[in-house]
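Okay, so here's the structure we're looking at.
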Amino acid sequence: MDNKNSELICLNENGGCQQYCSDNPGTKRSCSCHQDYKLMADEVSCEPTVKYPCGKIPVLEKRNNSTSRVPFVGSVLCPGGKCPQGKCPWQAALKVQGELLCGGVLLGASWVLSAAHCVYKLYPRTWKSVQVVLGEHDLGKEEGTEQVRYITQMIIPHKYKARKANYDIILLRLNTPVNFTDYVVPLCLPDEKFSEETLAKIKFSSVSGWDQNLYNGSTALQLMTISVPRLMTQDCKENANRNISVPRLTKNMFCAGYLDGSKGACKGDHGGPHFTKYRSTWYLTGIVNWSEGCAVRGHVGAYTRISKYTEWLQRNMDSNPSPQSRKSGTSSALLSISSSCIESCNITFSDLNGC
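In structure tokens form, the structure reads like this:
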């Protein structure tokens with residue numbers, strides 16, 4: 001029995017846990033579950049406690065649970081190509097005057113995450129007109145699944161600098177919560193330990209977005225997705241050293257993609273999610289940060305490493321809205337950051353606590 005318990009450690013295949021694992025000195029490890037889930041009697045498995053739990057794809061769950069005699073082909077995301085409607089339900093589209101600005105990812109009913117450079121580069125008076133669209137699939141037509149929201153608060157790490165790849169992340173508070181549906185579901189934000197010790201070891205993850213096609217740079221109206229391999233940090237740094245235009249890779253980033261240029265994220269996919277599947281649940285592991293060209297030989301994509309921001313994200317999502325952002329129906333009342341830009345620079349800079 002002692003030998004069996006000694007094998008049940010979190011570093012050994014996540015201790016056999018479906019979601020989170022904690023080591024307990026002297027006894028066997030214990031499993032726990034993400035919010036929206038509960039631990040089953042077997043003390044290993046996790047079961048949803050809400051209709052639309054994070055990290056699940058309702059259109060697939062319903063098909064997989066149906067009694068249809070014809071098996072559904074494609075119960076996981078395709079390795080590359082169009083993401084069928086409803087199969088990337090956490091994807092957000094940031095638009096200005098109806099045109100795609102960047103991608104984003106839904107983390108909760110009132111929160112969307114994106115890349116800081118997507119919004120920060122805009123003229124301040126434009127911020128209030130940025131639309132955040134959930135349930136979007138085809139940019140060329142309305143499909144009845146879309147939910148449009150506006151931004152009441154933008155939160156950026158205090159160390160972020162414009163036109164720099166480090167700390168390139170922005171948390172957007174929506175003016176009203178979205179309604180979870182078969183086409184609008186949040187992605188799970190994993191805890192830091194699980195993300196670094198388990199998810200980071202999974203070689204292939206998915207990336208989704210629009211605009212320039214994920215293969216050849218042509219315009220894509222329908223949401224696209226590809227499967228990309230995560231690369232070793234040393235390989236990324238060596239690749240960056242050969243390309244002076246590539247940003248310096250920091251501990252807050254990682255890279256993924258194909259060095260032969262066959263597939264990769266494009267400029268129009270910035271801010272979109274890099275998400276990883278573990279035992280039937282999808283987790284957010286990165287944000288598309290930077291890419292040179294579109295699927296260019298010798299170049300891979302840089303991603304913001306979400307595990308470095310887990311505590312920062314959770315703390316800010318648990319915070320109360322500023323007095324200005326409580327104004328019903330407004331999207332421009334964001335928190336100013338200094339007396340020199342009152343009424344124009346409406347961004348909250350949040351301390352990363354040493355990150």
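Numbering of the sequence shown is given in full-length UniProt numbering, commencing with residue 1 and proceeding in unit increments. Quick reminder that beta carbons are idealized off the backbone N, C-alpha and C, glycines included. As the structure is a prediction and not an experimental result, all values here were calculated from the model.
Rounded C-alpha distance that separates residue i from residue j
| i | j | result |
| --- | --- | --- |
| alanine 333 | glutamate 238 | Low per-residue confidence applies at alanine 333: pLDDT is 34, beneath 50, and the placement is therefore not dependable enough to give any value. |
| proline 190 | tryptophan 312 | 13 angstroms |
| serine 114 | glycine 16 | 32 angstroms |
| cysteine 31 | asparagine 64 | 26 angstroms |
| serine 22 | cysteine 10 | 6 angstroms |
| serine 319 | arginine 173 | 11 angstroms |
| serine 280 | proline 321 | 34 angstroms |
| lysine 87 | threonine 145 | 13 angstroms |
| lysine 51 | lysine 62 | 12 angstroms |
| glutamine 19 | glutamate 43 | 11 angstroms |
| lysine 121 | leucine 171 | 15 angstroms |
| valine 133 | glutamate 99 | 11 angstroms |
| tyrosine 309 | isoleucine 287 | 11 angstroms |
| leucine 39 | lysine 277 | 19 angstroms |
| threonine 152 | tryptophan 282 | 28 angstroms |
Which of helix, strand or coil DSSP assigns to residue i
| i | result |
| --- | --- |
| cysteine 102 | strand |
| alanine 116 | helix |
| proline 58 | helix |
| tryptophan 312 | helix |
| methionine 224 | strand |
| phenylalanine 194 | helix |
| asparagine 14 | helix |
| leucine 39 | strand |
| threonine 233 | helix |
| proline 48 | strand |
| leucine 199 | helix |
| asparagine 289 | strand |
| proline 124 | helix |
| arginine 305 | strand |
| arginine 63 | helix |
Spatially closest choice to residue i from the options, by CA coordinates
| i | options | result |
| --- | --- | --- |
| leucine 106 | His117, Gly81, Ala92 and Trp312 | Ala92 |
| threonine 126 | Ala162, Ser114 and Gln97 | Gln97 |
| serine 307 | Pro89, Val148, Tyr37 and Phe254 | Phe254 |
| isoleucine 57 | Val288, Phe275, Ile287 and Tyr303 | Phe275 |
| glycine 271 | His117, Cys83 and Arg315 | His117 |
| valine 119 | Tyr160, Lys87, Trp90 and Gly81 | Tyr160 |
| leucine 94 | Gly108, Lys82 and Gln131 | Gln131 |
| valine 300 | Met232, Ala200, Arg163 and Tyr278 | Met232 |
beta-carbon residue i near the ligand GTP non-hydrogen atom, thresh 8 angstroms
| i | result |
| --- | --- |
| threonine 27 | Absent from the structure shown: the ligand GTP. Ligands present: none. |
Proximity test, Cβ basis, 9 angstroms: residue i and chain D
| i | result |
| --- | --- |
| glycine 55 | No chain D is part of this structure, which consists of one protein chain only. |
What beta strand (DSSP E) runs, 3 residues minimum, are completely inside the segment 127 to 168? 131 to 134 and 147 to 157
Taking three-plus beta-carbon pairs below 8 angstroms as touching, is the segment 221 to 230 in contact with the segment 130 to 140? A contact exists between the segment 221 to 230 and the segment 130 to 140.
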